[in-house]
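Peer 1: Just passing along the structure, written as structure tokens.
Numbering (my numbering), first residue to last: 168 to 845.
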């Protein structure tokens, strides 16, 4: 089989446009829009991919074409009036100067949005069928709605062309308005827009015909669609093949971008945005089935995380373009690295879903392991050399320490990294022992490889002390000593073990177990799954309204599915207030947070997950010895200016969970933001 470079670096021509290779990024919603426009932050994010060698980057997932498809949720883009055109022109120029093409995704969300934002208009759809995800019942579209929305699509298409974009795709995927008409799960009409598949396609055909009349046959127009909705009452693969064939044969579309599933509810959403619990490219057979039937290029995106899988998809003829969207969030320069023969330097997406999960709670897309993504105005993807070389000592080889060592080495400093364990990883090594989260180990593996490649000296099995640090005569000391389990301070807390104890194998799961999760993150649910797979009878209790409440949209449904499958009992709205012994067993006292009534559980073992407290002993041993007394100048840090350089002695900095328990991204951002200017 040819190498990934041979396969993926071949150009592809669509009408007048030649794409320089077969790698793209699909339209998605990073939450970077401002006032409904793609301003500087949005543009810099995509420009970085263009610099990195991508052929086509698509932006504006779910960009609105009408006032009753609001752009305000998730800071989206509105293409509903001409004020967006200057921003498109600026955006196009920015991406084109690096040799990449730029397209947008247009849509009307139909019922897949909320009515109580922006204009407070009712949502509309093919039929008045409630959508579970957004919990609203839409208005059934009437005659004037069809005319208005079709005209809105056509006008938005004109704005794309006038804005210098290379084309656009219309979203008929994930349960948007076009595919709401297609799908029998939504469309219950009895007029010319309902009933047979031919009738259900009619509205979409009218939209594309109006678009073609507006922009002409030469402008590139595509469609994103499902190859199988993967729900009992939805579109089958045969239906989707027939739809794609019909639209292609009519000359309405120049490419089709195919995915699997749809997103009407939480579980369907998690399936359509597969995380690390899924194999790579789980739905590649769907675009392949459509490619056999259409004479236009076929694109595909869904958990294609590595270049070898991408190359296989193209080489075997399943697709013409392969989208590595989340892979580019992890490393926007992956195509350039491929072309330069630097495959080992590609920071591979691990499928954590952190980027997407943030969006669905109103945040912005951030990569769990690349702190520069989405922060291109202030955080570099390529680290500049420092003016002077210094001796840097880093303590702790978790994500914060490894990133600190890597960035300092990129700066040209001499770096020594001390780790008391026998291997790198820190808390990631604990988290990855859970049932489906092993892929997290890719984060410390890449960081370690890069650090070693840059000349970092790593000493494992070394317990750092103040005397040892001073003996190394460093200029800079960065403490990334991480955290330790918080075991709580309620009566009898010493009778419990931590989730860490269980996951590391220090404590074996007992026969019956109560796991108390006070954080609502992955850790408690993961540990419950881990114990249940080893035969324990597990109950997970939490003060939250649901188990894993802080876990996002692509991950929480997987946890819940596994907990139900494994027979784990889930008790919500209860706080663990006391533990006491009864013989060789334990009694947990749980208090209802609303009624204050107490219940007891007699079990063999109680496990608590309460987050972490900082391992800060070494920091306080060194604080008075350091020239800066451990202080980080926060104004300089936020402004991207170097920390003050001491006249003598060493400067001391503390990062990651050694400061306060947070998450992997926070640890890596702490390190990158500080060290890029040291």
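Beta carbons: idealized from backbone N, C-alpha and C, even for Gly.
1) Is the segment 445-459 touching the segment 361-379, taking contact as three or more C-beta pairs under 8 Å?
2) Do you know offhand how far residue 683's Cα is from residue 829's?
3) May I ask you to report which of helix, strand or coil DSSP gives residue 251?
4) Could you give the distance in angstroms between the alpha-carbon of residue 363 and the alpha-carbon of residue 356?
5) How long is the line joining the alpha carbons of residue 240 and residue 284, rounded to whole angstroms?
6) For the candidate residues 226, 169, 715, whose alpha-carbon lies nearest to that of residue 482?
7) Name, in chain order, the residues that DSSP records as bridge partners for residue 652.
8) Would you kindly report the start and end of the unbroken alpha helix (DSSP H) that includes residue 812?
9) Is there contact here, the segment 400-410 with the segment 685-692, by at least three beta-carbon pairs under 8 Å?
10) Which residues bound the beta strand (DSSP E) around residue 192?
11) Pairing CB atoms from the segment 795-812 with CB atoms from the segment 614-623, are three or more of them under 8 Å?
12) Taking DSSP as the reference, what is the three-state secondary structure of residue 801?
13) For residue 676, count the other beta carbons within 10 Å of its own beta carbon; 16 or more makes it buried, fewer makes it exposed. Which is it?
14) Please give me, in chain order, every unbroken run of the beta strand (DSSP E) with length at least 3 that falls completely inside the segment 287-351.
15) Pick out whichever of 360, 353, 326 has its Cα sitting closest to the Cα of residue 378.
16) Would you call the CB atoms of residue 237 and residue 231 closer than 8 Å?
17) When we look at the beta-carbon of residue 289 and count the other beta-carbons within 10 Å, is it buried (16 or more) or exposed?
18) Under three-state DSSP, which class holds residue 178?
19) Mind checking who residue 683 pairs with in its DSSP beta bridge?
20) Which of helix, strand or coil does DSSP assign to residue 232?
21) Is it the case that the Cβ atoms of residue 376 and residue 419 are separated by a distance below 8 Å?
22) By Cβ distance below 7 Å, which residues in the same chain neighbour residue 354 in space, the five residues on each side in sequence not counted?
23) Check residue 579 in the structure and name its three-state DSSP category.
24) At which residue ranges does the segment 417-468 contain complete alpha helix (DSSP H) runs of 4 or more residues, listed in the order of the chain?
25) In the segment 694-769, which residue ranges form an unbroken alpha helix (DSSP H) of at least 4 residues, counting only runs that do not cross its ends?
26) On a Cα-Cα basis, can you pick out the residue from 531, 565, 374 that is closest to residue 200?
27) Helix, strand or coil for residue 784? Go by DSSP, reduced to three states.
28) Determine the closest residue to residue 286 out of 335, 264, 265, 234, with distance taken between C-alpha atoms.
29) Return the residue from the list 817, 280, 681 that minimises the CA-CA distance to residue 756.
30) Cα separation between residue 853 and residue 202?
31) Rounded to the nearest angstrom, what separates residue 210 and residue 542 at their Cα positions?
32) Going along the chain, which residues of its own chain have a beta-carbon closer than 6 Å to the beta-carbon of residue 322, five neighbours each way excluded?
33) Please list the segments of the alpha helix (DSSP H) lying wholly inside the segment 514-548, counting only runs of 4 or more residues, in order along the chain.
34) Using the C-alpha atoms, what's the distance from residue 524 back to residue 817?
35) Is DSSP giving residue 397 helix, strand or coil here?
36) Could you give the uninterrupted runs of the beta strand (DSSP E) lying entirely in the segment 546-576, keeping only those of 3 residues or more?
Peer 2: This is what the structure holds:
1) Too few Cβ pairs lie closer than 8 Å, so no.
2) Between the C-alpha atoms of residue 683 and residue 829 there is a straight-line separation of about 19 Å.
3) Residue state, collapsed to three classes: helix.
4) Looking at the two C-alpha atoms, the distance is approximately 10 Å.
5) Between the C-alpha atoms of residue 240 and residue 284 there is a straight-line separation of about 7 Å.
6) For the residues 226, 169, 715, the minimum Cα distance to residue 482 belongs to 169.
7) Residue 652 is bridged to 779.
8) Element bounds for residue 812: n/a, residue is neither H nor E.
9) Output reads no: the segment 685-692 does not touch the segment 400-410.
10) First-last of the beta strand (DSSP E) with residue 192: 190-192.
11) Touching, no, given that fewer than three Cβ pairs across the two stretches are closer than 8 Å.
12) If DSSP states are grouped into helix, strand and coil, residue 801 belongs with the helices.
13) Answer is buried; the Cβ neighbour count reaches 16.
14) Listed in chain order, the complete beta strand (DSSP E) runs (minimum 3 residues) inside the segment 287-351 are 334-339.
15) Shortest Cα-Cα distance from residue 378 to any of 360, 353, 326 involves 326.
16) Going by beta carbons, residue 237 and residue 231 fall inside the 8 Å limit.
17) Residue 289 is exposed by the Cβ-count criterion.
18) Of the three classes helix, strand and coil, the one that applies to residue 178 here is coil, per DSSP.
19) DSSP, once it has assigned bridges, lists 708, 775 as partnering residue 683.
20) If DSSP states are grouped into helix, strand and coil, residue 232 belongs with coil.
21) A contact, by the Cβ cut-off of 8 Å.
22) The beta carbon of residue 354 is closer than 7 Å to those of 293, 294, 347, 348, 361, 367 in its chain, skipping five residues each way along the sequence.
23) Judged by DSSP in its simplified three-state form, residue 579 adopts coil rather than helix or strand.
24) Counting whole runs of 4 or more residues, the segment 417-468 contains the alpha helix (DSSP H) stretches 433-439, 452-458.
25) If we require 4 residues or more, the alpha helix (DSSP H) runs fully inside the segment 694-769 come out as 723-732.
26) The shortest C-alpha separation from residue 200 is found at 531.
27) Annotated three-state conformation of residue 784 is helix, per DSSP.
28) Nearest option by C-alpha distance: 234.
29) When each option's Cα is compared against that of residue 756, the closest is 681.
30) Nothing can be reported for residue 853: it is not among the residues displayed for the chain, which extend from 168 to 845.
31) Residue 210 and residue 542 have their alpha carbons spaced roughly 11 Å apart.
32) Same-chain partners within the cutoff: there are none.
33) Those alpha helix (DSSP H) runs which fall completely within the segment 514-548 and span 4+ residues are 521-526.
34) So the two alpha carbons sit approximately 40 Å from each other.
35) In this structure, residue 397 counts as coil in the three-state DSSP scheme.
36) As far as the segment 546-576 is concerned, its whole beta strand (DSSP E) runs of at least 3 residues are 558-562.
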